[in-house]
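Asks: Below is a structure I'd like to ask you about.
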Amino acid sequence: MQAQLRIRRYNPEKDTSGYWGEYTLNNINPNDSVLDLLHRVKWEIDGTLALRRSCAHGVCGSDAFRINGTNMLACKTLVSRLGAGETVKIQVEPILGLRVIKDLIVDMEPFMNHYKSVLPYFINDEAAPENGRERLQSQEDRARFDDTTKCILCAACTTSCPSFWANERYIGPAAIVNAHRFIFDSRDQAPEKRLAVVGDTFGVWRCRTNFNCTNACPREIEITKAIAEVKKVLATGEI
Amino acid sequence: MAQVKIHTFDAVIVGAGGAGLMAALYASRSANVAVLSKLYPTRSHTGAAQGGIGAALANMEEDSWEWHSYDTVKGSDYLADQDAVDVLTKEAINTVVELEHMGLPFDRFPNGKISQRRFGGHMSKTTGRPVMRACHAADRTGHMILQTLYQQCIKNEVNFFDEFHVVDLIRVDDTVRGVVAIEIATGEFHIFHSKAVMFATGGWGRVWEVTSNAHSLTGDGPAIALRRGIPLQDMEFFQFHPTGIFKLGILITEGVRGEGGVLINGEGERFMGVRGYAPNVKDLASRDVVSRAIYLEIKAGRGINGQKYVHLDVTPETVNRYYEEDGEDRRIDRAYIEAKLPDIADFTRTYLGVDPVTEPMPVQPTAHYGMGGIPTDVHGRVLLDAQKNPLPGFYAAGEVACVSVHGANRLGTNSLTDLVVFGKLAGKDMANYCQTAELLPLPDGAADDVMAEFDRIRNSGGGVKTYEVRNKMQVSMTENVSVFRTEETMKQALEDLEALRDEYQKVEIQDKGKVFNSDILEAWELGCLLDTAEVTTVSGLARTESRGAHARDDYTERDDENWLMHTLYYKEGDGYRLDYKPVTLGRYEPKPRVY
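From first to last, the protein sequence lines stand for chains A and B.
Under the numbering used here, think of the first position of the first sequence as 896, with each following residue one higher.
Under the numbering used here, think of the first position of the second sequence as 433, with each following residue one higher.
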């Protein structure tokens, strides 16, 4: 089958604004991933195409793009998911709300700074157990935050969120997911510090519960639910 | 050097996977450290590790670090240095506990302790059966390690230079002075001037066509070291993981078999046992043994429908039937698989449309892990020769290093153990080194060599595309230097590589710009891949025996009399020189390996 690709292009060294590059690839397979197709464009047709990618199987989080209007990882999106028949049309553009540096590459720094703002690290200043071994945790306590440990910081959620598009100071779903991961970890001792951040003007209350983030997450994290759980803690004061 | 920006640090760490981040945490306590990575740290391939990290915590059943040592040495086909293995297995226990103290969300047993499961080659001396030693967080243990270490680095304000691609080591005689890097976002060259340098750059699996490795694993570290006169050790030993997804190579963790999954051939046989490859532990033999078995089954026409794959079956129906046959009390169900192997289920559903709860998965061996690399001692200090003379200030840790604890074949779970244990020890030693070492002056034109090479690539006009050369290399290496090899196939590979070297000189890139020019970086990476492919093949051709992952059809037996030693490959001009150094033996005398 054939793919007709429209890829958003922009080279800061040449172009004053972005444009659509159009490429036709023959002999593609329904099981090819969008990353496979982007590689064919880059390797066979136009070496100047710029994109980030690494693991190519959905665990490193490098290649979140807006594909046919929806945020997805290119390596985890197969052609068969986008269309069938002799010809499939595929449009690929950078994720929205972050400055485009070149082609599909955006400036991740604002996203990473929001992530870092929630103190995304384990805090427990108590002495470790005297026997020199691990802290104990029940299976139930461990299960409480399992879903939010899966985040790979690909930014598909945050850059699908209308509240983030409206105001880039909103810390966004990914940062809240990572706050959730620690707030609900029974071993962590600093939930109130993180709650102060996520409860602030640019925190969880910017979330309008439209589920774009949940739909966009390639790790199938129930993000809207996690945000709601954080809101509930803020409202009730109980974890 | 007007256009080169110079930074000064005590130490520079290249690579931000498990080893680099662990080293950074330790070294940053007393030294001024920069961590450079060509990716964002959380994109590193440590995050793709699945099944577990090996440590004899004995949380569910009796275990000891000595047993872990024995299994590691046996798994290595007796090529591992036994003093180093003892360091690995003893330190593993404390280091896994330390990861938990850093917040790593391990799965838990009902008693609240870290959950452990079985893995290939890890045995109980008491029962003679596989032991639960693999500490895990579902099937995303590597992801949790990478995230936890990165989180702690944020907490401790480690200096990161993300998307800085290191392309050279600055060495003057027997000292190192720093590294040369390209800032990918601007294309500018930078020099990081330092007292010490650590390479934690990972592997080179992209030498082969079917691999579990990320696109970024192009052997930059070993190739740079080689070009700066540092030998590479035991490069002929490259692990092919038995269970990659057919054609795609995506890893299916050994944890699947640890949870009871079995390998089935086209005749419906559980061939690891039935065909006598590992009559005792069957599917939980070490990886080299299982990969060879799969290869031989396929070669004998017993692939599924005669094709080049076998089935990995973890459906509860099959697993429980074999548990019953083997007299085991355990039983599994759908919920258990979804809880313990969620990512595997996601991969096979996404890429194959196969639900592992109800159907078997098509698998074939996939290029996975380099046992060899830059020779070091247990403190990560890089060693220059068979007499173990160090290159002061130069360190290596993780997959790029060869300590050697994996010898000729690495046991599953020991790569994550290696990363954190030797990342820590190397980080500590490097910080101590920086306390007393002086910052030696930069030589004139420190970046000139590599800048000239980039100019050459930028201006080359031969009309050849990078991917064409890379594909040819990958096809030849997969055909000729794979699970099995012979003199004939390896000579063929060398002939192919020589031709590809000429083609490489004609590679013509299209992107002549500076910003995010991955066109030129991919071309440069191809040079690194060609170097590592050649070292692998030359080292393999010289070793006229079969040991671990180096299995030859023309020399089928292990030859301890002549080959119980490590290979050292030196680049000399356009040629090379091989040398050898003895294996450090210990409690375990080499004997035949039976699983």
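Each residue gets a CB set at the ideal place from its N, CA and C atoms; glycine is no exception.
Relative to the C-alpha of B/R702, which residue among B/L744, B/I662, B/D720 and B/A732 is closest?
Replies: B/L744
Asks: Tell me, which residues are paired with B/R917 by DSSP?
Replies: B/R984
Asks: DSSP beta-bridge partners for B/V611?
Replies: DSSP lists B/L601 and B/F624 as partners of B/V611.
Asks: Could you tell me whether any Cβ in chain A is nearer than 8 angstroms to the Cβ of B/G762?
Replies: The residue asked about is misnamed: residue 762 of chain B is Arg in this sequence, not Gly. For B/R762, the answer is no, since every Cβ of chain A falls outside 8 angstroms of its Cβ.
Asks: Mind checking B/P1024: buried by the 16 CB within 10 Å criterion, or exposed?
Replies: exposed
Asks: Under the criterion of a Cβ to heavy atom distance below 7 angstroms, does B/Y1027 qualify as lining the ligand MN?
Replies: Judged by which ligands are present, the structure shown has none, so any question about the ligand MN falls away.
Asks: For A/G942, return the contacting residues in chain B, with the cut-off set at a CB-CB distance below 7 angstroms.
Replies: I941, Q942, D943 and D951
Asks: Provide the residue span of the beta strand (DSSP E) that contains B/E1004, from first to last.
Replies: M997 to E1004
Asks: Give the secondary structure of B/H554 by DSSP, where H, G and I count as helix, E and B as strand, and everything else as coil.
Replies: coil
Asks: Looking only at its own chain, which residues have a Cβ that is under 8 angstroms from the Cβ of B/A869, when we skip the five neighbours before and after it?
Replies: K627, A628, P824 and G825
Asks: For the alpha helix (DSSP H) holding B/R902, just list the boundary residues, first then last.
Replies: T898 to N912
Asks: Run down chain A in chain order and give the residues with a C-beta less than 7 angstroms from the C-beta of B/H647.
Replies: Result: R948, S949 and A951.
Asks: Is the shortest distance between the beta-carbon of B/F948 and the beta-carbons of chain A less than 8 angstroms?
Replies: yes
Asks: Report yes or no: do the stretch 991-1005 of chain B and the stretch 483-491 of chain B share at least 3 C-beta pairs separated by less than 8 angstroms?
Replies: Result no; under three Cβ-Cβ pairs closer than 8 angstroms.
Asks: Name, please, each residue of chain A whose Cβ falls closer than 9 angstroms to the Cβ of B/L471.
Replies: Around B/L471, the beta-carbon contacts reaching into chain A at under 9 angstroms are R947, S949, C955 and S957.
Asks: Report yes or no: do the stretch 531-541 of chain B and the stretch 462-469 of chain B share at least 3 C-beta pairs separated by less than 8 angstroms?
Replies: no
Asks: Does the beta carbon of A/R1030 sit closer than 8 angstroms to a beta carbon anywhere in chain B?
Replies: yes
Asks: Locate the beta strand (DSSP E) running through A/Q1084, then write down its first and last residues.
Replies: It is not in any beta strand (DSSP E) - A/Q1084 carries neither H nor E in the DSSP assignment.
Asks: Quick one: list the residues of chain B neighbouring A/E908, beta-carbon separation under 8 angstroms, in chain order.
Replies: G945, K946 and V947
Asks: State buried or exposed for A/E1133, treating a residue as buried only when at least 16 other CB atoms are found within 10 Å of its CB.
Replies: exposed
Asks: Do B/I438 and B/N491 have their C-beta atoms closer together than 8 angstroms?
Replies: no
Asks: Applying the 10 Å Cβ sphere with the 16-neighbour rule, what's the burial state of B/W995?
Replies: buried
Asks: Inspect the beta-carbon positions of A/P1113 and A/C1049 and report whether they are closer than 8 angstroms.
Replies: Taking 8 angstroms as the Cβ cut-off, A/P1113 and A/C1049 qualify as a contacting pair.
Asks: Taking B/P663 as the reference, which of B/K1013, B/R763, B/S496 and B/E729 has the closest Cα?
Replies: B/K1013
Asks: Any contact of the stretch 681-695 of chain B with the stretch 806-822 of chain B, i.e. 3+ C-beta pairs under 8 angstroms?
Replies: no
Asks: Going along chain C, which residues have a C-beta under 9 angstroms from B/G479?
Replies: Absent from the structure: chain C. Protein chains present are A and B.
Asks: Please identify the residue among A/E1124, A/A1023, A/G992 and A/I902 whose C-alpha is closest to the C-alpha of A/P1057.
Replies: A/G992
Asks: Taking C-alpha atoms, which residue in B/I616, B/F916, B/K522 and B/A833 lies nearest to B/E989?
Replies: B/F916
Asks: Around the C-beta of B/G700, are 16 or more other C-beta atoms found within 10 angstroms, so that it is buried, or is it exposed?
Replies: Counting the other Cβ atoms within 10 Å of the Cβ of B/G700 gives fewer than 16, which makes it exposed.
Asks: Give a yes or no on contact between the stretch 804-814 of chain B and the stretch 830-841 of chain B, applying the rule of three or more CB pairs nearer than 8 angstroms.
Replies: yes
Asks: Among B/F854, B/Y510 and B/R842, whose alpha-carbon lies nearest the alpha-carbon of B/G830?
Replies: B/F854
Asks: Look at B/F596 and B/Q435 and say whether their C-beta atoms are less than 8 angstroms apart.
Replies: no
Asks: Quick one: which unbroken beta strand (DSSP E) runs of 3-plus residues sit fully inside the stretch 948-989 of chain A? Chain order, please.
Replies: 959-962, 965-968 and 982-988
Asks: Assuming B/G661 and B/L649 form a contact by the criterion Cβ under 8 angstroms, report the distance between their Cβ atoms to the nearest whole angstrom.
Replies: 24 angstroms between Cβ atoms; not a contact.
Asks: Would you decide whether A/Y914 is buried or exposed? Buried here means 16 or more other CB atoms lie within 10 Å of its CB.
Replies: exposed
Asks: State the start and end residues of the unbroken beta strand (DSSP E) segment that holds A/K1045.
Replies: From DSSP, A/K1045 is part of no beta strand (DSSP E); its letter is neither H nor E.
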